[in-house]
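What follows is a short report on a single structure.
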Amino acid sequence: MYDLTKFTLRDMSEIGLALRQNAQKADCMEDASNLIVKYFYENLIDKNTEKKSCILVRFFKTHPYGKLTPELQEYVRKILKQNTVVDNLKCLTLLATAGELPEWNSRHKSIGHKVIPLANEDTINRIPMISQLIRQLGLNTGMILQPDANLLIDTEQKMYNVFYVGNALNSPYIPAQKSFVIPFGVKSVIGFGGLLPSGNMFVILMFLRVIVPQANVELIRPLALNVKTAILSFDHGLIFRETNQIPVNEHNILKRLNSQIGTLNQLLDVSEQSTITQSDRLETAIENLQQTLKRLKKTQIQLVHNEKMSSLGQLVAGIAHEINNPVNFVDANLSYVEEYSQTLLKLIEIYQQQYPDIPEKIQTEIDTDELNFIKEDFSKIIRSMKVGTERIQEIVKSLRVFSRLDEAEIKKVDIHQGIDSTLMILQNRLKAQFNHPNIEVIKEYGNLPEINCYPGQLNQVFMNILTNAIDALEEQIGHRGWTTKYTEEDIFKPFKIRISTKVIEKKWVYISIYDNGPGIKKEVRSKLFDPFFTTKEVGKGTGLGLSISHEIVVKKHGGQLTCNSVPGKGTEFIIQIPIPKGS
Ligand SMILES: Nc1ncnc2c1ncn2[C@@H]1O[C@H](COP(=O)(O)OP(=O)(O)OP(=O)(O)O)[C@@H](O)[C@H]1O
Ligand SMILES: [Mg+2]
560 MYDLTKFTLR
570 DMSEIGLALR
580 QNAQKADCME
590 DASNLIVKYF
600 YENLIDKNTE
610 KKSCILVRFF
620 KTHPYGKLTP
630 ELQEYVRKIL
640 KQNTVVDNLK
650 CLTLLATAGE
660 LPEWNSRHKS
670 IGHKVIPLAN
680 EDTINRIPMI
690 SQLIRQLGLN
700 TGMILQPDAN
710 LLIDTEQKMY
720 NVFYVGNALN
730 SPYIPAQKSF
740 VIPFGVKSVI
750 GFGGLLPSGN
760 MFVILMFLRV
770 IVPQANVELI
780 RPLALNVKTA
790 ILSFDHGLIF
800 RETNQIPVNE
810 HNILKRLNSQ
820 IGTLNQLLDV
830 SEQSTITQSD
840 RLETAIENLQ
850 QTLKRLKKTQ
860 IQLVHNEKMS
870 SLGQLVAGIA
880 HEINNPVNFV
890 DANLSYVEEY
900 SQTLLKLIEI
910 YQQQYPDIPE
920 KIQTEIDTDE
930 LNFIKEDFSK
940 IIRSMKVGTE
950 RIQEIVKSLR
960 VFSRLDEAEI
970 KKVDIHQGID
980 STLMILQNRL
990 KAQFNHPNIE
1000 VIKEYGNLPE
1010 INCYPGQLNQ
1020 VFMNILTNAI
1030 DALEEQIGHR
1040 GWTTKYTEED
1050 IFKPFKIRIS
1060 TKVIEKKWVY
1070 ISIYDNGPGI
1080 KKEVRSKLFD
1090 PFFTTKEVGK
1100 GTGLGLSISH
1110 EIVVKKHGGQ
1120 LTCNSVPGKG
1130 TEFIIQIPIP
1140 KGS
């Protein structure tokens, strides 16, 4: 079963093969055309509704009056209201029909279309569908009425085509609107056919209850040639079942063979053409798919990013909030502790002055507890506790600045504050660890104006780039351990991250983050900003840091994010954010 709305090259080839094989069982052209129309009627279905796609399928062929059956000749005379008709008058003859109503399954039962005499160009023009069909086939009416034997060989092998009326309702080409198109729900009409070596034209008309996409109509074109091949052997032979066999002469056999070869060649040509068209369609589909994939990846990054950002922000803000209260509490109470302790110490001192001779037990206790040392150390401890709480308060503030949860909208901020808060969070990774010495952070901050930006997102960019720099420096330790490609100076060089900022041409805020790590190889550099590109081991990197940063800097801020790197020397990422006029 085949669905014209989802027609494929494969369907076309299978139908073509079936038509040609079926026709081999036929004894005359009428039989062959019956098998053809029945095949179309039975095998084309609308897979959505499981209904047959065709309401009616008809096979017409032009035929000279003199060679029509007596029944048809009588019919022609009646239509023309003449007692005699010339033998070579062309008549469009219904050879086979298959359809929904019982009377549509026998050509003898057709009332209006059994045979249509094509008396002259005027009569043809009065049947718009037929004249349109002739034109679509690349013929002119003259060729149908009186084919020129010399021209014929040439034209016969070129002329085949398909024509399609996409909207049958009210179409000037489709007759019987009230009695047929409307009541039976004819949506579209496909016609295809060609010219036979005898100079006669054949045509198959399919009245459909479906709309066929243009690309699929194109695929039907080669079927015209398959039908022609299927009926070719009868062109100079037996047409109607009830007529006696017409003797076939050698000239006719040669003509038929030539035509058969020509037709088969054409068939090959169109098959190839169709393959090309189909492969073009495939390529377009692949291209579309690739674009969809790209979009999907982008959406995925965005989703991961949003998810990452909001959960990180919430976590950080949550922790900051939780720590803030008890720290403030401790900090506020420290001053009382200091005050009370001073009072107590003072009291002891007064006691000592008023009662210089104290009992031995108390003196021993004072000696063993080193009261003098306690007096001195107590205030130092309280001072260091104060420094500690101040430090915690600073970290909490940085965490809040970093998360910027409350600032999803564009805001005027100090970029340096964002960088500092990020560094504060990364403090632990910058300190000497078992796998790397202390990483020195050199700040070369210029004079930056406050700029309009998404502060939380920019902090994310600083975080991604700084984390990569620390990762790269740590990775270098691995290299230092086992490779000889580094010089002694290299091996013992201090680890550095340099952050410099400045304003360029009053138009850009320029932020450079440089590390003296191993640098990036050329082949890696071209993929740096690709989503999911990572050189880190599984579980360590997702490969999203830089692509997200690129998105934030370029798309969100209209800025630029670039990378300079010399393998063995280090890497520099440059972020440039435009300063809006009037900032
Ligand atoms: N400063 C740097 N020095 C050397 N290589 C770097 C540096 N920054 C980035 N890279 C290289 O670029 C790759 C991609 O970086 P990106 O930040 O996009 O992903 P990642 O760090 O691997 O994973 P993620 O950031 O998602 O955890 C890294 O795997 C690394 O190979
Ligand atoms: Mg990264």
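Read in order, the letters of the sequence shown correspond to residues 560 to 1142 in the working numbering. By construction, the Cβ of each residue, glycine as well, lies at the ideal position given by its N, Cα and C atoms. Computed from a predicted structure; not experimentally measured.
Looking only at C-alpha atoms, which of Gly-701, Leu-696, Asn-997 sits nearest to Thr-682?
-> Gly-701
Between the Cα of Lys-1081 and those of Ser-1124, Asp-916, Ile-878, Thr-836, spot the shortest distance and give me the residue it belongs to.
-> Ser-1124
Cα-Cα separation between Gly-1100 and Arg-854, rounded to whole angstroms = 22 angstroms
So which of Leu-816, Ile-779, Gln-1035, Arg-1057 has the shortest CA-CA distance to Phe-833?
-> This sequence places Ser at residue 833; Phe is not what is there. Checking every option, the nearest Cα to that of Ser-833 belongs to Ile-779.
Backbone CA spacing between Cys-1012 and Met-983 [nearest angstrom] = 21 angstroms
If you run the structure through DSSP and keep just helix, strand and coil, what is Gly-1040?
-> Note on Gly-1040: pLDDT 45, under 50, position unreliable in the model; the coordinate value appears next. Helix, per DSSP.
Just mark Pro-1053 as buried or exposed, buried being the case when its beta carbon has 16 or more other beta carbons within 10 Å.
-> exposed
Integer-rounded CB distance, given that Leu-782 should sit under 8 angstroms from Gly-575 = 6 angstroms
Starting from Thr-608, follow its DSSP beta bridges and name the residues at the other end.
-> Looking at the DSSP assignment, Thr-608 forms no beta bridge with any residue, so it has no partner.
Assuming Cys-650 and Ile-675 make a contact with CB atoms under 8 angstroms, what is their CB distance in whole Å?
-> 7 angstroms
Span of the beta strand (DSSP E), counted from its first residue to its last, around Pro-623 | 613 to 623
Can you find a heavy atom of ligand 4 that lies under 7 angstroms from the Cβ of Asn-1018?
-> Ligand 4 is not among the ligands present in this structure, which contains only ligand 1 and ligand 2.
Please write down, chain order preserved, every residue whose beta carbon lies under 5 angstroms from a heavy atom of ligand 2.
-> Asn-1027, Gly-1104
Once you ignore the five residues that flank Gly-1129 on each side, which residues in its own chain have a CB closer than 7 angstroms to its CB?
-> Tyr-1073, Asp-1074, Asn-1075, Gly-1076, Gly-1078
Span separating the alpha-carbon of Asn-699 from that of Ile-686 = 14 angstroms
Local conformation of Val-724 per DSSP, three classes = strand
When DSSP builds the beta bridges, which residues end up paired with Leu-1120?
-> Ile-1134
Indicate the three-state DSSP secondary structure (helix, strand or coil) for Arg-1057 in the structure shown.
-> strand
Leu-852, buried or exposed, once every other Cβ within 10 Å from all chains shown has been counted against 16 | exposed
Do Gly-752 and Tyr-719 come within 8 angstroms of each other at the CB atom, strictly closer than that value?
-> yes
Measure the C-alpha to C-alpha separation of Gly-1102 and Leu-871 and round it to an integer number of angstroms.
-> 17 angstroms
Roughly how many angstroms lie between the CA atoms of Pro-1014 and Gln-850, to the nearest whole one?
-> 32 angstroms
Is any heavy atom in ligand 1 found nearer than 7 angstroms to the beta carbon of Ile-1079?
-> yes
Can you tell me whether DSSP reads Met-560 as helix, strand or coil?
-> coil
Where does Lys-1128 sit, in a helix, a strand or coil, going by DSSP?
-> coil
At what residue ranges does the segment 637 to 688 contain a whole run of the beta strand (DSSP E), taking only runs of 3 or more?
-> 649 to 658, 674 to 676
Are the Cβ atoms of Ile-733 and Val-748 separated by less than 8 angstroms?
-> yes
Mark Asp-794 as exposed unless 16 or more other C-beta atoms lie within 10 angstroms of its C-beta, in which case mark it buried.
-> buried
May I ask you to report which of helix, strand or coil DSSP gives Glu-1003?
-> strand
In the DSSP assignment, find the unbroken beta strand (DSSP E) run with Asn-1011 in it and report its ends.
-> 1010 to 1012
Does the separation of the CB atoms of Lys-934 and Gly-1005 fall below 8 angstroms?
-> no
Close Cβ partners of Gln-1144 (< 6 angstroms) along its chain, the five nearest in sequence each way excluded | Only positions 560 to 1142 of the chain appear in the structure, and residue 1144 is not among them; the question remains open.
Rounded C-alpha distance that separates Ser-1108 from Asn-1027 | 12 angstroms
Is the distance from the Cβ of Ile-763 to the Cβ of Phe-566 below 8 angstroms?
-> no
Inter-stretch contact (C-beta, 8 angstroms, three-pair minimum) for the segment 890 to 910 and the segment 936 to 952 | yes
Collapsed DSSP secondary structure at Phe-743 in the structure displayed = helix
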